[in-house]
């Protein structure tokens with residue numbers, strides 16, 4: 001699982017943006033959620049990510065049990081999150097449905113709100 005190459009989401013995302021208004025897209029590559037998500041958040045806003053909503057894979061839980069620091073897990077492995085779509089609330093259900101139709105398993109992990117931090121993991 002750890003050696004699985006980075007997944008490419010181009011076809012899925014191109015189909016998604018044909019059907020829905022999307023405000024931001026973030027591919028979780030090197031640096032993970034902590035470094036990649038803030039790059040698409042405008043000044044004056046922040047992403048509030050609810051860690052309890054993220055479906056952490058067993059391999060990542062195991063690595064933390066072995067002593068890998070949680071901040072390293074978020075920065076290196078993204079805790080299994082591969083791509084983040086940012087959209088208005090009224091687009092959420094349609095986006096989820098479209099992504100499911102495209103074979104994905106999307107779920108909401110947070111909200112965008114006023115703030116200065118770029119990202120807040122809770």
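Numbering (full-length UniProt numbering), first residue to last: 1 to 122.
Glycine included, every Cβ here is placed at the ideal spot set by N, Cα and C.
Exercise. According to DSSP, is residue 117 helix, strand or coil?
Worked result: coil
Problem set entry | CB contact flag (residue 96, residue 53, <8 Å) | Going by beta carbons, residue 96 and residue 53 fall outside the 8 Å limit.
Problem set entry | Buried or exposed (CB count within 10 angstroms, at least 16 for buried), residue 37 | buried
Exercise. Taking one C-beta from the stretch 20 to 30 and one from the stretch 83 to 92 each time, how about it: are there three or more such pairs within less than 8 Å?
Worked result: yes
For this session: Kindly list the residues whose CB is nearer than 8 Å to the CB of residue 80, restricted to its own chain and excluding five residues on each side of it in sequence; keep chain order.
Result: Excluding residues within five positions, the ones whose Cβ falls inside 8 Å are 54, 55, 56, 57 and 60.
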